[in-house]
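Residue numbers (this note's numbering): 70 to 174. All C-beta atoms, glycine included, are put in the ideal place defined by N, C-alpha and C. Remember, predicted model here, so these are calculated numbers, not experimental data. Single-structure report; data block below.
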Amino acid sequence: GGLGVKPQLIIELQALTSLDGVELDLGQTEIKLKLPDSDVTSRIELPAEAASGALGVPTARFSKKRGQLVISWPSNAINKHENTVSTITVADQSTSVATSGDVKS
C-alpha cells in the first residue's frame with residue numbers, strides 16, 4: 070500500500086525570506102517564476118502527468134525556514150516511491166535555472 074504522498078516540485082529560493090514581489094504562474098504545462106529585482110522569468114516545465122491534469126490543481130507554499138517554494142498536487146497517482154517530481158535551484162539575480170530537468174530560461 071502507498072503512503073499517500075503527494076507529488077511535489079521543490080524550487081530552491083535560498084535568497085528569499087518571503088514571496089513578496091515574486092511573480093508565480095502555475096500553468097498546466099509549466100510554472101513561470103519571476104523573482105523580485107529580476108528581468109528574467111524562469112520557465113519550469115511540468116512532467117506529463119501534471120500537464121495532463123491527472124494530478125489535479127497544484128497549490129504553492131513557501132517555507133521560510135528551508136528557503137523553498139513547494140508546489141504540490143493533491144493526487145498520489147504518480148511517484149509512489151519518490152514524492153519529489155524534481156528539485157530546482159533558482160539563484161537570486163540569476164539569468165538561468167540550474168536543474169537536472171528540462172528547463173527553458
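Is it the case that the Cβ atoms of L93 and L102 are separated by a distance below 7 Å?
Position 24 of the sequence shown, counted from the first residue, corresponds to residue 93. Position 33 of the sequence shown, counted from the first residue, corresponds to residue 102. Yes, Cβ-Cβ distance for L93 and L102 is below 7 Å.
Identify every residue that forms a DSSP beta bridge with E99.
The sequence position of residue 99 within the sequence shown is 30, counting from 1. According to DSSP, which records beta bridges pairwise, E99 is partnered with E114.
Let me know if E151 comes out buried or exposed under the rule of 16 or more other beta-carbons within 10 Å of its beta-carbon.
As a working note, residue 151 is residue 82 in the sequence shown. Its pLDDT being 44, under 50, E151 is placed unreliably in this model, and the value from its coordinates should be taken loosely. Exposed, because fewer than 16 other Cβ atoms sit within 10 Å of the Cβ of E151.
Going by DSSP, what residue range makes up the beta strand (DSSP E) through A129?
Here residue 129 is taken as the residue at index 60 of the sequence shown, counted from 1. Residues 128-132.
For V139, which residues of its own chain have a beta-carbon under 6 Å away from its beta-carbon, when the five flanking residues on both sides are left out?
Start at 1 with the first residue of the sequence shown, and residue 139 comes out as number 70. Cβ within range, chain order: Q77, I79, R130.
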